[in-house]
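Peer 1: Residue numbers (our numbering): 2 to 115.
Mind looking over this structure? Questions follow.
Encoded structure:
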């Protein structure tokens, strides 16, 4: 069941929250052709994965295919040259996300190869 603010899972952002970080996420990938997938759903899938620690193939069907989510996750978690933190970490800090990175769990450290 979808809540009033269109969130399916507690880890999901609202559209309004997502719009504050959309430009950062869109800039990470070269735009050679129009996107067929909404980054809102991809990013919420990444948040779900980080929050629950589920396996890629176990992402709920409400999210895009796991391979698509993994492709974007790989792009977003790779630090750009000259930057200390990867884009995903920057975005998570910007939205004030409370999860593995802020609690210092082993899962967060594994995801970011620390």
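For each residue, glycine too, the CB sits at the ideal point set by N, CA and C.
In three-state terms, what does DSSP make of residue 86?
Peer 2: If DSSP states are grouped into helix, strand and coil, residue 86 belongs with coil.
Peer 1: Just curious, the alpha helix (DSSP H) that residue 43 is in, first and last residue?
Peer 2: Looking at the DSSP string, the run of the alpha helix (DSSP H) that includes residue 43 is 40–53.
Peer 1: Out of 44, 65, 33, which has the shortest C-alpha to C-alpha gap to residue 21?
Peer 2: When each option's Cα is compared against that of residue 21, the closest is 44.
Peer 1: Could you check if residue 87 is buried or exposed, using at least 16 other CB atoms within 10 Å of its CB as the buried criterion?
Peer 2: It is buried - the Cβ of residue 87 has at least 16 other Cβ atoms within 10 Å.
Peer 1: May I ask you to report which of helix, strand or coil DSSP gives residue 26?
Peer 2: It is helical.
Peer 1: Of all Cβ atoms in chain B, is any one closer than 8 angstroms to the Cβ of residue 92?
Peer 2: No chain B is present in this structure, which holds just one protein chain.
Peer 1: Whose CA, out of 82, 89, 61, lies closest to the CA of residue 73?
Peer 2: If we check each option's Cα against that of residue 73, 89 comes out closest.
Peer 1: Here's the rule I'm using: 16 or more other beta-carbon atoms within 10 Å means buried, otherwise exposed. How should residue 16 be labelled?
Peer 2: Residue 16 is exposed by the Cβ-count criterion.
Peer 1: Does the stretch 59–76 come into contact with the stretch 36–43, if we say contact requires no fewer than three beta-carbon pairs (one atom in each stretch) closer than 8 angstroms?
Peer 2: These segments touch.
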